[in-house]
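Student: This structure is in structure tokens; I'll ask about it shortly.
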Amino acid sequence: MKMRIFVPRDAGAIAVGADDVVAALEQAAEKRGLSIEIVRNGSRGLYWLEPMVEVATVKGRVAYGPVSQADIPSLFDAMASNGPHDLRLGLTDEIPWLKRQTRLTFARCGVIDPRSVGDYRRHDGYKGLERALTLTSDEILADVTSSGLRGRGGAGFPTGIKWKTVAQTQADRKYIVCNADEGDSGTFADRMIMEGDPFVVIEGMTIAGIAVGATKGYIYIRSEYPHAVAAMNAAIAAARRTGYLGERIVGSNHDFDLEVRVGAGAYVCGEETSLLESLEGRRGIVRAKPPLPAHKGLFGRPTVINNVLSFAAIPFILAGGAKAYADFGMGRSRGTMPIQLAGNIKHGGLFETAFGVTLGELIDDIGGGTFSGRPVRAVQVGGPLGAYFPRALFDTPFDYEAFAARDGLIGHGGIVVFDDRVDMAKQARFAMEFCAVESCGKCTPCRIGSTRGVETIDKIIRGERTSENLAVVEDLCNTMKFGSLCALGGFTPYPVMSALKHFREDFGPAPATLQAAE
Amino acid sequence: MMSTCEPWNEARGAEIIAEHDKLEGATLVILHAMQEAFGYVPEPAIPMIASALSLSRAEVHGVFTFYHDFRHEPAGRHVLKLCRAEACQAAGGDALAARAEARLGIALGNTTADSRVTLEPIYCLGLCATAPSAMLDGRVVGRLDEARLDALVAEAQR
């Protein structure tokens, strides 16, 4: 029997040698005169085990990892005989880290061949679209609304309301835009799903088009993600060939087509109005709101703009899963969140689970603590604009409101772990520096405040008039937070202020400073 | 990478513009295509793009200079990008960046005098669970340590 072997084409797996593993497997097969089939799947998201190689057996797929080129000769024989091997992890579906997740959005990621529409369909793909085609626009919108889905990019705005606004706005044409400008450090879920299950994004966008009456969509992918760009383009071509994109999709009366556009290294373009400017071919300068993109978005037309993960959640919801989706979660955070564990962490990767899991469970239990083996000192949740949390706040449940109540945010669900060697004054300085470099320049608090912030933190680091300068930083942060046009300037204070509040000892002597400033 | 790029040629530039100028909001697409072909965006391309898209030179220049990706001059033969964002910082990226700078004798953002290597910072490759990470001429590398970094630097210098 021909062996069917899975080696991820995911950029994270390639970065640690997946392509070399494929070459070695082909060589080993040739040497033994055996015929094998290698499927380049997505990653299952267990990155400490990448490259994770799987082989199909009668009992299901068996995983091995982390595999290096040098392991291939012995591994090949173990796979062929289904015998023991040091890297054998057992049946993939039984791996505890995977088994305890609730994979709704990432159900197929790492399972299917991301270039095959047929494989996607065999794994329940396009069931959401098929059902959506039998529904009215209002019925689709009702499903999205009742699922409780909120924008997964970070803002957490209810997706159903956004779509409804676009549906009710009259215009000669409308657009669907997918924000795949995943610039937050510590996040990679968009990249993973685009590389591992691109059709789910296409399907979600197509359903959005049908719901609001749009026939054209754009996926704006950052240039730092060449593998995701290639994967999306290949999937779009495959969807067109099979009638899932283009005119009269799958024999219906709906037209819908997609185009990938590539960013050019501007972090601020992850902000939706800046992204729209960039898509229109201009500088990524943030727009003032109103008008909302739902009323006047791309080229002045009503536009649904959502994050990759929001669109990717839609097919499950439309395939009859709206209630099931809403049954997961806590409070106003319904459904599941693909959480990304990154930085100095032992078990880094993608963990999709219902809202409500605590930060401590995620770091200590699921993540296994630090990779360095040293104590965890700080974790940044939600990217460069997210707050640093100390261990004392590890009881915070993963939930939009719970994080906001503790002056933080969950953002796009990325968690970066730092051990006890981290210098929090340096991290605070970096937050300001990053904002200064990436500011679009439109509003003064962000453009000037961030540069003044770097200068002032430098003075604190040098020990110059610490208490006065800490008061200046706090004042700057308040100005930026309440006076900036978008989240870049508005949220940069989160990492800065949280570092100051929870790690005051890293900012030099005079612990009474903050009270004195008040 | 540079070796695969063509020298600037006006006719070729016009051809690239003609391939894309019917797209909605084509400016970035054309700038990317120019850089792909020539390794940077040559100055004479700016007024040509402006004219084709009915924009002012200033508008196209503004777009060109807004984005970090677009080059004003060719890069070195090899481009080594080191991720400098938080996840890589947490995994020891600062020390590795300093090591790369010392090995190449240049600061991040510069090209070696022999034009072999351009060393650049990049803010997140999305390889945050296999940090620290880098990209050499479009090839991604994760779980960097001193030995892997040294090998990358040596490869870039070849």
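Read top to bottom, the protein sequences are chains A and B. If you count the first sequence from 1, position 242 lands on 242 in the working numbering, and the numbers rise without skipping. If you count the second sequence from 1, position 60 lands on 578 in the working numbering, and the numbers rise without skipping. A virtual CB, placed ideally from N, CA and C, is assigned to each residue, including glycine. As the structure is a computational prediction, the values presented were derived from the model and not from experiment.
1. Using 10 angstroms around the beta-carbon of A/M480, count the other beta-carbons present and answer buried if the total reaches 16, otherwise exposed.
2. Any contact of the region 139–147 of chain A with the region 177–191 of chain A, i.e. 3+ C-beta pairs under 8 Å?
3. Who are the near neighbours of A/D423 in its chain, counting only those whose CB is closer than 7 Å to its CB and skipping five residues on each side?
4. Going by beta carbon distance, what residues of the same chain come within less than 8 Å of A/P583, once the five residues before and after it are set aside?
5. Is it true that the CB of A/V472 sits closer than 8 Å to the CB of A/T451?
6. Can you name the start and end residues of the beta strand (DSSP E) that A/D257 belongs to?
7. Go through its chain and collect everything with a Cβ distance to A/F328's Cβ below 6 Å, but skip five positions before and after it.
8. Does DSSP classify A/V111 as helix, strand or coil?
9. Assuming A/R4 and A/A56 make a contact with CB atoms under 8 Å, what is their CB distance in whole Å?
10. Does the pairing of the region 559–566 of chain B with the region 269–287 of chain A give three or more beta-carbon distances under 8 Å?
11. Which residue wins for smallest C-alpha separation from B/A670, given the options B/S633, B/D632, B/R621, B/L645?
12. For a cutoff of 8 Å on Cβ pairs, would you count A/P8 as touching chain B?
13. Sorted by chain position, which residues of the same chain lie with C-beta nearer than 6 Å to A/A499's C-beta, five sequence neighbours on each side aside?
14. Quick check on B/D663: buried or exposed, where buried means 16 or more other Cβ atoms within 10 Å of its Cβ?
15. Nearest CA to the CA of A/L75: which residue from A/R61, A/G60, A/T92, A/E54?
16. Would you say A/T215 faces chain B, with C-beta separation under 8 Å as the test?
17. Does any residue of chain A have a CB that is nearer than 8 Å to the CB of B/F588?
18. Would you please state the rounded distance, in angstroms, between the beta carbons of A/A312 and A/I193? I believe it to be under 8 Å.
19. Put A/E518 into one of helix, strand or coil per three-state DSSP.
20. Could you check whether the region 632–648 of chain B touches the region 584–601 of chain B, counting it as contact only if at least three pairs of C-beta atoms, one from each stretch, sit closer than 8 Å?
21. Taking only beta-carbon positions, decide if A/F525 is within less than 8 Å of chain B.
22. Given a cut-off of 8 Å on the beta-carbon distance, is the pair A/D181 and A/G383 in contact?
23. Where in the region 178–227 of chain A do unbroken runs of the beta strand (DSSP E), each at least 3 residues long, occur, reported from the N-terminal end onward?
24. Helix, strand or coil, according to DSSP, for A/F482 in the structure here?
25. Should B/Y585 be flagged as near chain A, meaning a C-beta pair shorter than 8 Å?
26. When Cβ atoms are compared, which residues of the region 650–668 of chain B fall closer than 9 Å to chain A?
27. Run down chain A in chain order and give the residues with a C-beta less than 7 Å from the C-beta of B/E554.
28. Could you check whether the Cβ of A/T187 sits closer than 8 Å to any Cβ belonging to chain B?
29. Quick one: any contact between the region 106–114 of chain A and the region 368–380 of chain A, if contact means 3 or more CB pairs under 8 Å?
30. Tell me the rounded alpha-carbon separation between A/L275 and A/N41.
31. Is A/L34 buried or exposed, if buried means 16 or more other CB atoms sit within 10 Å of its CB?
32. Please decide whether B/A536 counts as near chain A, where near means a Cβ-Cβ distance under 8 Å.
33. Please report how far the alpha carbon of B/I624 lies from the alpha carbon of B/E591, in whole angstroms.
34. Helix, strand or coil for A/R283 per DSSP?
35. Which residues in chain A have a C-beta closer than 9 Å to the C-beta of B/H550? List them in chain order.
36. Rounded C-beta distance between B/E604 and A/G490? I'm assuming under 8 Å.
Tutor: Reading from the atomic positions:
1. As a position in the first sequence, residue 480 of chain A is number 480, starting the count at 1. The residue is buried, with at least 16 neighbouring Cβ atoms inside 10 Å.
2. no
3. Residue numbering aside, residue 423 of chain A sits at position 423 when the first sequence is read from its first letter. Closer than 7 Å at Cβ, skipping near neighbours: D506.
4. This structure cannot speak to residue 583 of chain A, because chain A is shown only from 1 to 518.
5. Translated into the one-based positions of the first sequence, residue 451 of chain A becomes position 451. Translated into the one-based positions of the first sequence, residue 472 of chain A becomes position 472. Against a cut-off of 8 Å, the Cβ pair of A/V472 and A/T451 comes out as no contact.
6. Locating residue 257 of chain A in the first sequence gives position 257, counting from the first residue. First-last of the beta strand (DSSP E) with A/D257: 257–262.
7. Numbered from its first residue, the first sequence carries residue 328 of chain A at position 328. Contacts found: G335, T336, A354.
8. Indexing the first sequence from 1 puts residue 111 of chain A at position 111. The answer is coil: DSSP assigns A/V111 none of H, G, I, E or B.
9. Translated into positions along the first sequence, residue 4 of chain A becomes position 4. Translated into positions along the first sequence, residue 56 of chain A becomes position 56. The pair is a contact, with the Cβ atoms about 4 Å apart (cut-off 8 Å).
10. no
11. Taking the second sequence and counting its residues from 1, one reaches residue 670 of chain B at position 152. Sequence inspection shows Leu at residue 670 of chain B; the Ala mentioned does not correspond to that position. Closest by alpha carbon: B/R621.
12. Residue mapping note: residue 8 of chain A aligns to position 8 of the first sequence, counting from 1. No, because no Cβ of chain B sits closer than 8 Å to the Cβ of A/P8.
13. Counting from one through the first sequence, the residue named residue 499 of chain A turns up at place 499. Here the set comprises Y388, M424, Q427, A428.
14. Position 145 of the second sequence, counting from 1, holds the residue named residue 663 of chain B. Looking at its Cβ environment, which holds fewer than 16 other Cβ atoms inside 10 Å, B/D663 is exposed.
15. Sequence index remark: in the first sequence, residue 75 of chain A carries index 75 (1-based). Comparing Cα positions, the closest option is A/E54.
16. Against the first sequence, residue 215 of chain A aligns to sequence position 215. Chain B contact via Cβ: absent.
17. Along the second sequence, one-based indexing puts residue 588 of chain B at 70. At least one chain A Cβ lies under 8 Å of B/F588.
18. Counted from its first residue, the first sequence places residue 312 of chain A at position 312. Counted from its first residue, the first sequence places residue 193 of chain A at position 193. Rounded, the Cβ-Cβ distance is 5 Å, consistent with contact.
19. Against the first sequence, residue 518 of chain A aligns to sequence position 518. Residue confidence is low: A/E518 scores 43 on pLDDT, short of 50, so the model does not pin down where it sits. No coordinate-derived value is stated.
20. yes
21. Residue 525 of chain A lies beyond the stretch modelled for chain A, which goes from 1 to 518, so this question has no answer here.
22. As a position in the first sequence, residue 181 of chain A is number 181, starting the count at 1. As a position in the first sequence, residue 383 of chain A is number 383, starting the count at 1. Not in contact: A/D181 and A/G383 (Cβ atoms no closer than 8 Å).
23. 216–221
24. Translated into the one-based positions of the first sequence, residue 482 of chain A becomes position 482. A/F482 falls in the helix class under three-state DSSP.
25. By 1-based counting over the second sequence, the position of residue 585 of chain B is 67. It does; some Cβ of chain A falls within 8 Å.
26. S651, A652, M653, G656, R657, V658, V659, G660, R661
27. Counting from 1 along the second sequence, the entry for residue 554 of chain B is found at position 36. None at all; the shortest Cβ gap to chain A is about 11 Å.
28. The residue you call residue 187 of chain A lines up with position 187 of the first sequence. Closer than 8 Å to some Cβ of chain B, the Cβ of A/T187 qualifies, so yes.
29. no
30. Numbered from 1 along the first sequence, position 275 holds the residue referred to as residue 275 of chain A. Numbered from 1 along the first sequence, position 41 holds the residue referred to as residue 41 of chain A. Cα to Cα, the separation comes out at about 30 Å.
31. The count along the first sequence starts at 1 and reaches residue 34 of chain A at position 34. Result: exposed.
32. Within the second sequence, numbered from 1, the residue matching residue 536 of chain B stands at position 18. No, B/A536 does not count as interfacial toward chain A.
33. For the purposes of this step, residue 624 of chain B is identified with residue 106 of the second sequence, where counting begins at 1. For the purposes of this step, residue 591 of chain B is identified with residue 73 of the second sequence, where counting begins at 1. Going from the Cα of B/I624 to the Cα of B/E591 covers about 18 Å.
34. Your numbering for residue 283 of chain A matches position 283 in the first sequence. Residue state, collapsed to three classes: coil.
35. The sequence position of residue 550 of chain B within the second sequence is 32, counting from 1. Here the neighbours are S223, V262, A264.
36. Working through the second sequence from its first residue, we reach residue 604 of chain B at position 86. Working through the first sequence from its first residue, we reach residue 490 of chain A at position 490. Not quite, the Cβ-Cβ distance comes to about 19 Å (not below 8 Å), so this is no contact.
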